[in-house]
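Written below as structure tokens is the structure these notes are about.
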Amino acid sequence: MYNYIVKLEIANDKKREEFDLRTIKSEIQKAIDKYHALKTVRNKKSLTFSVEQKVLEIKIESPVQLDVPSKALAKFTRLLLELSPALAGTINNGRVFQSVQTSIPPSDIDRISSCDTLKKIIDLFCGELQTNANLELQRKIKALLFNVEEVID
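Be aware that the sequence shown starts at 1, since it is given in the UniProt record's numbering, and climbs by one per residue.
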């Protein structure tokens with residue numbers, strides 16, 4: 001089994017500040033229960049969650065390796081939208097959530113291909129979405145690649 005932790009936040013910057021994810025905790029659990037009951041999902045994953053005001057953390061247990069773990073949550077997100085109409089008002093560019101962090105166990109890091117890594121770096125540096133987390137990650141990658149010590153204030 002492969003284990004991942006994906007941290008999600010509301011994609012819409014303005015709504016993110018207003019929307020408290022804890023208010024839909026029961027709908028999140030119902031969406032996970034419905035997801036687990038589906039018969040049409042390939043390589044069925046097991047989902048568990050924890051929720052804070054601004055961050056929804058989903059733990060994914062998958063029988064197969066996932067190149068982009070957050071993509072495995074598309075069906076779950078559709079189910080959650082059905083159960084929680086309040087989320088419909090947070091949609092931005094067709095997205096409810098954006099992934100702010102994905103944790104992969106160290107033993108699985110070596111299984112990620114160089115091509116997938118390069119694609120992720122290109123998305124990070126050339127993608128349209130420039131969040132503070134992305135800018136910080138860009139800074140760290142540049143420091144690592146160019147052997148520069150970061151100055152910590």
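Ideal Cβ placement from N, Cα and C applies to all residues, glycine included. In this text the structure is predicted, and so the values were computed from the model without any measurement.
So, using beta-carbon positions, are residue i and residue j closer together than 9 Å?
| i | j | result |
| --- | --- | --- |
| L80 | I24 | yes |
| F76 | I32 | yes |
| K59 | Y4 | yes |
| V6 | S103 | yes |
| S62 | A72 | yes |
| I91 | A11 | yes |
| E52 | L87 | no |
| H36 | S46 | yes |
Looking at the structure shown, is residue i part of a helix, part of a strand, or coil, going by DSSP?
| i | result |
| --- | --- |
| E9 | strand |
| T102 | strand |
| S62 | strand |
| N3 | strand |
| E149 | coil |
| R95 | strand |
Could you spell out the range, first to last residue, of the beta strand (DSSP E) harbouring residue i?
| i | result |
| --- | --- |
| S50 | 46 to 51 |
| S26 | Segment 25 to 37 is the alpha helix (DSSP H) holding S26; no beta strand (DSSP E) there. |
So the alpha helix (DSSP H) residue i belongs to, where does it begin and stop?
| i | result |
| --- | --- |
| S114 | 114 to 126 |
| I91 | Counting along the chain, I91 falls outside any alpha helix (DSSP H), and DSSP gives it neither H nor E. |
| K140 | 132 to 145 |
| T77 | 74 to 83 |
CB-CB under 6 Å to residue i, same chain, minus the five flanking residues each way: which ones, in chain order?
| i | result |
| --- | --- |
| A133 | V100 |
| L38 | none |
| L66 | A72 |
Can you name, in chain order, every residue of its own chain whose Cβ lies under 7 Å from the Cβ of residue i, other than the five neighbours on each side?
| i | result |
| --- | --- |
| E9 | R16, K54, V55, F97, Q98, V100 |
| E27 | L80, L83, S84 |
| Q138 | L124, F125 |
| P69 | Y4, V6, I60, T102 |
| T48 | K59 |
Beta-carbon within less than 8 Å of residue i's beta-carbon, same chain only, minus the 5 sequence neighbours each way: which residues are those?
| i | result |
| --- | --- |
| E136 | none |
| M1 | E61, S62, P63 |
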